[in-house]
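Protein chains: 4
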Amino acid sequence: MTRAKTDKKTEAASCHPTHTDTHLCMPEDARKRANRRLAIARGHLESIQRMLEDPNVYCMDVLRQIKAVQGALQGAAGVVLRGHLEAHVATASERGDAEELIEELLEAMKLTQ
Amino acid sequence: MTRAKTDKKTEAASCHPTHTDTHLCMPEDARKRANRRLAIARGHLESIQRMLEDPNVYCMDVLRQIKAVQGALQGAAGVVLRGHLEAHVATASERGDAEELIEELLEAMKLTQ
Amino acid sequence: MTRAKTDKKTEAASCHPTHTDTHLCMPEDARKRANRRLAIARGHLESIQRMLEDPNVYCMDVLRQIKAVQGALQGAAGVVLRGHLEAHVATASERGDAEELIEELLEAMKLTQ
Amino acid sequence: MTRAKTDKKTEAASCHPTHTDTHLCMPEDARKRANRRLAIARGHLESIQRMLEDPNVYCMDVLRQIKAVQGALQGAAGVVLRGHLEAHVATASERGDAEELIEELLEAMKLTQ
Numbered sequence: 023m024t025r026a027k028t029d030k031k032t033e034a035a036s037c038h039p040t041h042t043d044t045h046l047c048m049p050e051d052a053r054k055r056a057n058r059r060l061a062i063a064r065g066h067l068e069s070i071q072r073m074l075e076d077p078n079v080y081c082m083d084v085l086r087q088i089k090a091v092q093g094a095l096q097g098a099a100g101v102v103l104r105g106h107l108e109a110h111v112a113t114a115s116e117r118g119d120a121e122e123l124i125e126e127l128l129e130a131m132k133l134t135q
Numbered sequence: 023m024t025r026a027k028t029d030k031k032t033e034a035a036s037c038h039p040t041h042t043d044t045h046l047c048m049p050e051d052a053r054k055r056a057n058r059r060l061a062i063a064r065g066h067l068e069s070i071q072r073m074l075e076d077p078n079v080y081c082m083d084v085l086r087q088i089k090a091v092q093g094a095l096q097g098a099a100g101v102v103l104r105g106h107l108e109a110h111v112a113t114a115s116e117r118g119d120a121e122e123l124i125e126e127l128l129e130a131m132k133l134t135q
Numbered sequence: 023m024t025r026a027k028t029d030k031k032t033e034a035a036s037c038h039p040t041h042t043d044t045h046l047c048m049p050e051d052a053r054k055r056a057n058r059r060l061a062i063a064r065g066h067l068e069s070i071q072r073m074l075e076d077p078n079v080y081c082m083d084v085l086r087q088i089k090a091v092q093g094a095l096q097g098a099a100g101v102v103l104r105g106h107l108e109a110h111v112a113t114a115s116e117r118g119d120a121e122e123l124i125e126e127l128l129e130a131m132k133l134t135q
Numbered sequence: 023m024t025r026a027k028t029d030k031k032t033e034a035a036s037c038h039p040t041h042t043d044t045h046l047c048m049p050e051d052a053r054k055r056a057n058r059r060l061a062i063a064r065g066h067l068e069s070i071q072r073m074l075e076d077p078n079v080y081c082m083d084v085l086r087q088i089k090a091v092q093g094a095l096q097g098a099a100g101v102v103l104r105g106h107l108e109a110h111v112a113t114a115s116e117r118g119d120a121e122e123l124i125e126e127l128l129e130a131m132k133l134t135q
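Residue numbers (the working numbering), protein chains in the order written: chain A, 23 to 135; chain B, 23 to 135; chain C, 23 to 135; chain D, 23 to 135.
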């Protein structure tokens, strides 16, 4: 654990200069998985754009495809959220930044009111 | 306008061969506006993918960007829906296919239960 | 048709005094079905409140129940929307108020952007 | 603090008998705040039901009110989620049940895919 921290020091040091005291980076696995999902969503959007070039396209077929991409993005958001909960929120009590992290999380998810 | 209509006649006839009796095509203006919005969303996704290549990226920054794209897609869905309501649903009583159209619309919006 | 209109005149006259020229009322069937669904949702909320009086209740059990009520309200919204589309939007072209109705509908559904 | 823990022992022991090894109860403050919000939402639903008894009610007025209640329930869900994150997820690494808790959380929020 300590070794890993030391190994990553130079990288981590530049990680979140504006995020005071903490250097929380997205876990590599989550980054790769989210990236793959966004690549698929992007390809899907491109195919909807091609559909929209056809003057015979039917509105509801387009709407259904847009809904499918929205579902895919929800999945990508889930991947990011899982990585954040595992790597940062579950360990927040040990680091002492739980309140700050949770506030930010609820805001990003538009769940504050 | 009349010319355009004449020009499109053969095309329109083949518009929705499986959609019995009706040849409902997405209005050109809605197609163009939706296409533009999807192009922007796609560019946005590309920029999030670039963010994800940075090992120092912060989970919540990625989540916020994904939420923004979801909002943009909601806007694109609104454009498609508006075109459909104006061109097809508002005239459905005259054509006599209101029930079928509304069922399909509620299903595409996942509002049936 | 004309007779029905005459019969309803007194009631319709007071229907939407601020909604210029049109007197659009919610269809009775939709009113009754929506009311039933809201009654069920209300009972469900009451049972969640009882759950919340138990100091041993588990957060995720409460969250799942709230999500279930949100789904039920989505169903009630679908009932209202269906009635509106059938009774008012599908006939809008005949009445000539399509633009106004569609604008209002997209706004109520938070789909304008 | 220690006393409070001792006082609650018997109660906590019966807290989540099916939730192996952990006895996670919803924080009292979150329970009370969520309860208050649900009470308000319930009163709001009751007033929509009264609206629906008026044959002159307008569909879009009902839809807007249902959307408002959905927003209120989203707020109540946020209260529950905040309590869970603070009391249980932020301390999960110390207890060693992070994986289980996070899986359950993402499922309850319908964010797994």
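Using N, Cα and C, we set each Cβ at its ideal position, and we do this for glycine too.
Rounded distance between the beta-carbons of residue j and residue i, thought under 8 Å
i, j, result
"residue 115(C)", "residue 134(B)", "At roughly 24 Å, the Cβ-Cβ gap does not stay under 8 Å, so residue 115(C) and residue 134(B) are not in contact."
"residue 84(C)", "residue 47(D)", "Residue 84(C) to residue 47(D), Cβ: 11 Å. No contact."
"residue 56(C)", "residue 91(C)", "Incorrect: roughly 15 Å between the Cβ atoms, too far for contact."
Reduced DSSP secondary structure (H/G/I, E/B, other) of residue i
i, result
"residue 78(C)", "coil"
"residue 51(A)", "helix"
"residue 132(D)", "coil"
"residue 83(A)", "helix"
"residue 93(B)", "helix"
"residue 112(B)", "coil"
"residue 123(B)", "helix"
"residue 46(A)", "coil"
"residue 73(C)", "helix"
"residue 118(A)", "coil"
"residue 31(C)", "For residue 31(C), the predicted structure reports a pLDDT of 38, less than 50, and the residue's modelled location is therefore unreliable. A value from the coordinates is still provided. Looking at residue 31(C) - three-state DSSP - the assignment turns out to be helix."
"residue 61(B)", "helix"
"residue 23(D)", "At residue 23(D), the pLDDT of 32 sits below 50, so the modelled position is not reliable; the number obtained from the coordinates is stated separately. Three-state result, residue 23(D): coil."
Proximity of residue i and residue j at Cβ, strictly below 8 Å
i, j, result
"residue 98(B)", "residue 52(B)", "no"
"residue 123(C)", "residue 111(C)", "yes"
"residue 49(B)", "residue 118(B)", "no"
"residue 82(D)", "residue 126(C)", "yes"
"residue 60(D)", "residue 67(C)", "yes"
"residue 89(C)", "residue 109(D)", "no"
"residue 107(B)", "residue 100(C)", "no"
Closer than 8 Å to chain E by CB, residue i
i, result
"residue 133(D)", "Looking at the structure shown, chain E is missing, and the protein chains on hand are A, B, C and D."
Heavy atom of the ligand SAM within 7 Å of residue i beta-carbon
i, result
"residue 118(B)", "Because no ligand of any kind appears in the structure shown, any question about the ligand SAM cannot be addressed here."
Selection of the segment 75-107 of chain C by Cβ proximity to chain D, strictly under 8 Å: Residues 75, 77, 78, 79, 80, 81, 82, 84, 85, 86, 88, 89, 91, 92, 95, 96, 98, 99, 102, 103, 105, 106.
Against chain C: residues of the segment 43-68 of chain D by CB proximity under 9 Å: Listed by position, the residues of the segment 43-68 of chain D near chain C (Cβ gap below 9 Å) are 45, 46, 47, 48, 49, 50, 52, 53, 54, 56, 57, 60, 61, 63, 64, 67, 68.
Contacting positions in the segment 117-134 of chain D - beta carbon closer than 8 Å to chain C: Under the 8 Å Cβ criterion, the segment 117-134 of chain D contributes 126, 127, 130, 131, 132.
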